[in-house]
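Residues in the sequence shown are numbered consecutively from 11, following my numbering.
Note that CB positions come from ideal geometry on N, CA and C, so glycine has one too.
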Amino acid sequence: DFKKPFVGIASTGAKVTPCNMHINQLADVVEHSIDDSGGKGVLFNTITVSDGISMGTQGMKYSLVSREVIADSIETVVGCLGYDGVIAIGGCDKNMPGCIIGLARLNRPSIFIYGGSIKPSSENTDYVTVCEKTGEFSKGELEESDLIHVEKISVKGPGSCGGMYTANTMASAIEALGMSLPGSSSQDATSDDKQKDCIDSGQAIMNLLDKDIKPSDIMTKEAFENAITVVISLGGSTNAVLHMLAMAHAIGVQLDLDDFTRIGKKTPVMADLKPFGSHYMSELNANGGIQPLMKTLLDKGLLHGECITVTGNTLAENLSNVKPYADNQNIIRSFEKPIKSTSHLRILYGNLASEGAVAKITGKEGTSFEGKARVFNSEEEGVEAILNKSIEAGDVVVIRYEGPKGGPGMREMLKPTSAI
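Structural data, given as structure tokens:
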């Protein structure tokens, strides 16, 4: 084994969250795949936290910090032990950018594998449904027995939140970036496809080692532009802005807020996926995942096809034989008749955020909004006011002192937005 390439396998596996409870098993598959492909896989662990479990609590202040802990720990282990390549496997929200930042700093042949999505319940509910129903219950619009029923059925088995929330958004961005194998972002966590994704990674990493293809060869400015384009077309999370800026910084690519505005002016929203729309990632996967969407964007001149990927081929080569979506599917709209003709992600500047802020819009709000500002100094204060019904239609809820420094930790405001 000493003469073989040593490949570190960074697993975020843990039982603290459904997103990651299966990832150690996936890591075992990856290890065997590397060994079978002529390398020597060496498994190690890094941390994960659960955004879903900590949401709306003081614990959420640790979530964004976990991104840096993941990046630091991957860099520490691989840098210390001198592994020739790295495969990182992530599930919950901060895992994806944390892994990519770590791989970028190390800059040796690397692949990211997404742990995969959870399937919706038999009643088409998921974790975010529970958050929304909790708000309805607090306002007296839902019986406690109905809330308990939704809680019981909505999160069963492994996998990340099933809509186009942060985890699936970042997994899709990474696939478009070229750092994961085609199809990785949409596969169900417990599917045969996800097993194959792990099996294929062994030969893929050996190919990258043979050709000496590093993250710096893949994660170029053009590749980040591809990722932004795909995120917009999918109706992805605002967190993509936060994380992609950090990922680009780690690899030395100049990316800023204005890039999102520039790309957004020419990129339509085509995907009818939750929370922006109606469908789950597992439904999109059954219809071909994001590859046919990327093929459409490439054909329309919105993607840089020359970008190299972890397959060792260019993006255009990866997409050359991808078939279009079936005519009878209703998840991805046509380029000519999209859900929204320009980006749903808007960068705003003003006296509330002189260096920029990110908003997500549907296109039905108009270009401006005027209302009475209701200002709160913490998430807890804002939630209390919402649940006490002191917020009226037309009010603007402003929650301050919840940034990276002020929080500290930049807690996500899913609890108040769900309650609203």
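- If only uninterrupted alpha helix (DSSP H) runs of at least 4 residues are considered, those enclosed by the segment 294-381 are 301-309, 325-329.
- Annotation: Glu-412 to Lys-425 spans about 13 Å, alpha carbon to alpha carbon.
- Shown here, Leu-152 sits in coil according to DSSP, grouped into three states, outside any helix or strand.
- For Phe-270, the uninterrupted alpha helix (DSSP H) run begins and ends at 267-274, by DSSP.
- For the set Gly-69, Val-52, Ala-37, Leu-53, the Cα lying nearest the Cα of Val-59 is the one of Gly-69.
- By alpha-carbon distance to Ala-177, the top candidate from Leu-267, Val-165, Pro-107 is Pro-107.
- Residue environment: Thr-239 is assigned as buried (16 or more neighbouring CB atoms within 10 Å of its CB, all protein chains considered).
- Distance from the CA of Ile-349 to the CA of Ala-281, rounded to the nearest whole angstrom, comes to 7 Å.
- Distance between Asn-331 and Val-393, taken at the CA atoms: about 50 Å.
- With respect to the C-alpha of Leu-362, the residue from Ala-250, Lys-149, His-42, Val-408 having the closest C-alpha is Val-408.
- Considered as a whole, the segment 169-245 harbours no complete run of any beta strand (DSSP E) with no fewer than 3 residues.
- DSSP, reduced to helix, strand and coil, places Phe-147 within a helical segment of the structure shown.
- A buried status is given to Phe-234, since no fewer than 16 other beta-carbon atoms sit within 10 Å of its beta-carbon.
- Inclusion of Ala-250 and Ala-114 in the CB contact set at 7 Å is not warranted, their separation being larger than that value.
- Within the same chain, Cβ atoms closer than 6 Å to the Cβ of Leu-157 are found at Lys-143, Phe-147, the five residues on either side in sequence being excluded.
- Contact between Ser-195 and Ile-273 does not hold, since the beta-carbon distance rounds to 19 Å and is not under 8 Å.
- With contacts defined by Cβ atoms closer than 7 Å, Pro-278 and Ser-344 do not form a contacting pair.
- Annotation: the segment 378-423 contains the following complete segments of the beta strand (DSSP E) (minimum length 3 residues), in chain order: 382-386, 405-409.
- Nearest to Leu-187 by C-alpha distance, out of His-314, Ser-131, Asp-268, is His-314.
- Cβ neighbours of Ser-211 within its own chain (closer than 8 Å, five residues either side excluded): Val-40, Ser-43, Ile-44, Ile-97, Ile-121, Ile-123, Leu-191.
- Counting of Cβ neighbours within 10 angstroms places Val-165 among the buried residues, the total reaching 16 or more.
- Across the structure, Asp-309 and Asn-338 are spaced so that their CA atoms are roughly 21 Å apart.
- When the five nearest sequence neighbours on each side are left out, the beta carbons in the same chain lying within less than 7 Å of the beta carbon of Gly-172 are those of Ser-127, Ile-128, Lys-129, Pro-130, Asp-136, Tyr-290, Met-291, Ser-292, in order along the chain.
- Cβ-Cβ distances below 6 Å link Thr-27 to Ser-60, Cys-102 in the same chain, with the five nearest sequence neighbours on each side left out; the list follows chain order.
- Shortest Cα-Cα distance from Met-31 to any of Asp-82, Asp-94, Gly-169, Pro-334 involves Gly-169.
- Taking a contact as a CB-CB distance under 8 Å, the pair Thr-319 and Ile-228 counts as one, their CB atoms being some 6 Å apart.
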